[in-house]
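**Q** My questions all concern the structure below.
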Amino acid sequence: MKPLKQHTIWGLRGSFILAATGSAVGLGNIWKFPYITGENGGGAFVLMYLFCIALIGIPIMMAEILMGRRARANPIMATAELCEHAGASKGWTAIGWMGVLAGLLILSFYSVIAGWTLEYALAALDGKFAGLTGETSQALFDGLLADSDLMLQWHSLFIAMTIAVLALGVTRGLESAVRLMMPLLFVLLLILLGYAIKEGEFATSLRFMFSFKLEDLSWEGAQIAMGHSFFTLSLGMGAIMAYGAYMPSSQSVGKTVVIVAILDTLVALVAGVAIFAFVFATPGISPGAGPGLMFVTLPVAFGNMGAGLVIGSVFFVMVILAAWTSTISLLEPGVAYLNERFGLHRIVASILLGTISWFIGLGSVYSFNDWSELQFLWGKNYFDSMDFIATNIMLPLGGVLIALFTGWKLRDEIILHDLKFESAWVFRLWRPVLKFISPIAVLVILYNGIFPVLRAVLVE
Ligand code: TRP
Numbered sequence: 039m040k041p042l043k044q045h046t047i048w049g050l051r052g053s054f055i056l057a058a059t060g061s062a063v064g065l066g067n068i069w070k071f072p073y074i075t076g077e078n079g080g081g082a083f084v085l086m087y088l089f090c091i092a093l094i095g096i097p098i099m100m101a102e103i104l105m106g107r108r109a110r111a112n113p114i115m116a117t118a119e120l121c122e123h124a125g126a127s128k129g130w131t132a133i134g135w136m137g138v139l140a141g142l143l144i145l146s147f148y149s150v151i152a153g154w155t156l157e158y159a160l161a162a163l164d165g166k167f168a169g170l171t172g173e174t175s176q177a178l179f180d181g182l183l184a185d186s187d188l189m190l191q192w193h194s195l196f197i198a199m200t201i202a203v204l205a206l207g208v209t210r211g212l213e214s215a216v217r218l219m220m221p222l223l224f225v226l227l228l229i230l231l232g233y234a235i236k237e238g239e240f241a242t243s244l245r246f247m248f249s250f251k252l253e254d255l256s257w258e259g260a261q262i263a264m265g266h267s268f269f270t271l272s273l274g275m276g277a278i279m280a281y282g283a284y285m286p287s288s289q290s291v292g293k294t295v296v297i298v299a300i301l302d303t304l305v306a307l308v309a310g311v312a313i314f315a316f317v318f319a320t321p322g323i324s325p326g327a328g329p330g331l332m333f334v335t336l337p338v339a340f341g342n343m344g345a346g347l348v349i350g351s352v353f354f355v356m357v358i359l360a361a362w363t364s365t366i367s368l369l370e371p372g373v374a375y376l377n378e379r380f381g382l383h384r385i386v387a388s389i390l391l392g393t394i395s396w397f398i399g400l401g402s403v404y405s406f407n408d409w410s411e412l413q414f415l416w417g418k419n420y421f422d423s424m425d426f427i428a429t430n431i432m433l434p435l436g437g438v439l440i441a442l443f444t445g446w447k448l449r450d451e452i453i454l455h456d457l458k459f460e461s462a463w464v465f466r467l468w469r470p471v472l473k474f475i476s477p478i479a480v481l482v483i484l485y486n487g488i489f490p491v492l493r494a495v496l497v498e
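Numbered by the working numbering, the letters in the sequence shown go through residues 39 to 498 in order.
Below, the structure is given as structure tokens:
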């Protein structure tokens with residue numbers, strides 16, 4: 039099967055890896071991974087997480103790249119074209135449609151949290167963390183959450199930043215952005231790590247993250263690890279498929295995916311170790327703080343250590359970069375679709391979709407203040423409802439469909455043609471995992487995501 043037309047390809051070698059790693063590394067790694075590790079027993083959780091990345095994440099990521107690169111089109115047109123070629127039902131195009139929609143939904147609330155990091159970077163630079171205690175730090179955070187105008191301003195700015203990159207196009211926008219921001223992100227992370235080793239409670243932190251106790255292995259932790267492995271690699275909604283459409287045919291899919299997965303995991307682990315080293319070095323605060331770890335606990339640590347002003351600023355600038363290279367991947371599938379299907383200029387397409395997502399995000403801004411009492415889905419506020427629909431339902435559903443489609447529907451010759459640069463054992467190992475293990479594992483994620491809510495509704 040030939041591509042429909044000459045399609046944009048990343049200009050430089052390594053750009054796909056940077057773009058995919060940029061998409062993968064985000065708030066999930068720096069904000070969420072450390073606190074769910076803290077809540078689920080440290081080393082035991084890390085082990086289960088690594089297992090899920092290998093068994094679920096890597097095979098599905100390969101499948102997404104393959105689909106995008108084979109069709110050289112955005113996820114909606116790519117799935118349509120592959121269906122036709124494979125003689126499969128048109129119904130499979132749901133993968134593309136659901137992906138574009140999931141991207142809009144995730145961006146809508148992701149950008150609200152990303153907006154907080156803009157406020158916190160400014161606060162760090164302003165020296166507002168100096169001498170913070172647990173209570174004053176909590177008050178600072180509560181103050182932000184209560185101020186809907188301020189949150190709205192940062193949410194709008196983050197969406198505008200996302201639109202700006204997408205509007206510039208694939209090579210001038212996305213590619214330049216990741217080539218500039220990803221190396222900077224790595225440098226900032228190394229500075230943090232260096233400082234954590236020198237000044238933090240590094241050994242305690244290492245022990246906390248990696249000491250493995252059998253009794254800490256839990257089914258609940260395993261479920262959280264499964265769901266997170268999916269989110270952190272940006273799977274299930276076509277982001278990686280869209281980026282894969284720009285990947286040169288000569289690049290090995292298997293090797294690339296392993297590099298992306300390793301980089302993503304390394305960033306999460308290093309960020310976690312550094313964060314806990316700071317937390318353990320500060321008396322009176324604890325690592326098990328949950329979602330408040332980054333916005334309440336960590337500023338206390340920064341405000342009470344030498345060079346805290348610099349290190350705090352470095353930290354939050356790094357988080358902004360990580361979030362920014364993630365949000366662009368959430369909108370790219372939709373922008374590419376409007377551009378390739380209707381010839382809409384990318385500037386118009388990104389403003390249009392960015393505005394829709396911004397609008398959906400208003401509810402998330404207000405769910406922390408004016409609307410905090412309003413319930414949308416089964417007792418959940420607006421923010422949690424959006425997160426639930428997108429992360430717990432749409433992403434795993436997309437993931438199962440991608441695994442089943444690539445595993446069962448695509449003919450071997452298509453896949454072999456595209457995997458000609460892989461060693462034979464990659465194919466032999468990957469196909470059965472994709473056919474059987476990945477879908478079952480993702481169905482478990484889906485079931486566990488929905489079941490508690492279903493049960494609560496039925497019991498009522
Ligand atoms: N992976 C990113 C993170 O960890 C979030 C993200 C970006 C994402 N694009 C995605 C999640 C696509 C799911 C699907 O923060």
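Where a beta carbon is used, it is the ideal one built from N, C-alpha and C, also for glycine.
#1: Measure the alpha-carbon distance for residue 6 versus residue 330 and round it to whole angstroms.
#2: Is it right to say residue 240 is buried, meaning 16 or more other beta carbons lie within 10 angstroms of its own, or is it exposed?
#3: Taking 7 Å as the cut-off, is the beta-carbon of residue 144 closer than that to any non-hydrogen atom of the ligand TRP?
#4: To test your reading of the DSSP string, which unbroken alpha helix (DSSP H) runs of 4 or more residues are found completely within the region 442-492?
#5: Give the range of the alpha helix (DSSP H) segment to which residue 261 is assigned.
#6: Given a cut-off of 8 Å on the beta-carbon distance, is the pair residue 310 and residue 71 in contact?
#7: Look up residue 217 in the DSSP assignment and say whether it is helix, strand or coil.
#8: What is the DSSP secondary structure of residue 294, counted as helix, strand or coil?
#9: At what residue ranges does the region 376-444 contain a whole run of the alpha helix (DSSP H), taking only runs of 4 or more?
#10: Quick check on DSSP: helix, strand or coil for residue 46?
#11: Using a 10 Å radius around the Cβ and a threshold of 16 neighbouring Cβ atoms, would you call residue 333 buried or exposed?
#12: Which same chain residues end up closer than 8 Å to residue 426 when comparing Cβ atoms and leaving out the 5 residues on each side of it in sequence?
#13: Report all residues from its chain with a CB closer than 8 Å to the CB of residue 163; omit the five preceding and five following residues, and keep chain order.
#14: May I ask which residues mark the beginning and end of the alpha helix (DSSP H) holding residue 87?
#15: With 16 as the cutoff for other CB atoms within 10 Å, does residue 40 come out buried or exposed?
#16: Among 137, 449, 187, whose alpha-carbon lies nearest the alpha-carbon of residue 373?
#17: Whole angstroms are fine: how far does the CA of residue 210 sit from the CA of residue 290?
#18: Return the chain-ordered ranges of every alpha helix (DSSP H) run that is complete within the region 57-141 and spans a minimum of 4 residues.
#19: At the level of alpha carbons, what is the spacing between residue 494 and residue 344?
#20: Identify whether residue 182 lies in helix, strand or coil by the three-state DSSP scheme.
#21: Suppose contacts are defined by Cβ-Cβ distances below 8 Å. Is residue 483 in contact with residue 268 by that definition?
#22: Between the Cα of residue 7 and those of 469, 303, 436, spot the shortest distance and give me the residue it belongs to.
#23: Using the beta-carbon count (16 or more within 10 Å), is residue 157 buried or exposed?
#24: Hey, is residue 269 close to the ligand TRP, as in C-beta under 7 Å from one of its heavy atoms?
#25: Where does residue 42 land, buried or exposed, given buried means 16+ other C-beta within 10 angstroms?
#26: For the alpha helix (DSSP H) that residue 248 lies in, which residues bound it at each end?
#27: Just to confirm my understanding: we take residue 47, look at its own chain, exclude 5 residues before and 5 after, and list those with CB closer than 6 Å. What are they?
#28: Of all the options 322, 326, 328, which has the alpha carbon lying nearest to the alpha carbon of residue 338?
#29: Starting from residue 171, trace the alpha helix (DSSP H) both ways and give me its first and last residue.
#30: At a threshold of 7 Å, does residue 511 count as lining the ligand TRP (C-beta to nearest heavy atom)?
#31: The alpha helix (DSSP H) that contains residue 281, what's its start and end?
#32: Quick check on the burial criterion: 16 or more other C-beta atoms within 10 angstroms. Buried or exposed for residue 450?
**A** Per the coordinate set shown:
#1: This structure cannot speak to residue 6, because the chain is shown only from 39 to 498.
#2: buried
#3: yes
#4: 450-456, 462-470
#5: 257-270
#6: yes
#7: helix
#8: helix
#9: 384-404, 420-425, 433-442
#10: coil
#11: buried
#12: 415, 418, 487, 491
#13: 347, 351
#14: 81-90
#15: Confidence in residue 40 is poor, its pLDDT being 45 and thus under 50, which makes the residue's placement too unreliable to answer from.
#16: 137
#17: 24 Å
#18: 71-77, 81-90, 96-109, 113-124
#19: 49 Å
#20: helix
#21: yes
#22: This structure cannot settle anything about residue 7, because the visible part of the chain is limited to 39 through 498.
#23: buried
#24: yes
#25: No answer about residue 42 holds up, because its pLDDT of 47 lies below 50 and its placement is not dependable.
#26: 240-248
#27: 284, 286
#28: 322
#29: Segment: none, residue 171 is in no alpha helix (DSSP H) and carries neither H nor E.
#30: There is simply no residue 511 to check, as the chain begins at 39 and stops at 498 in what is shown.
#31: 277-282
#32: exposed
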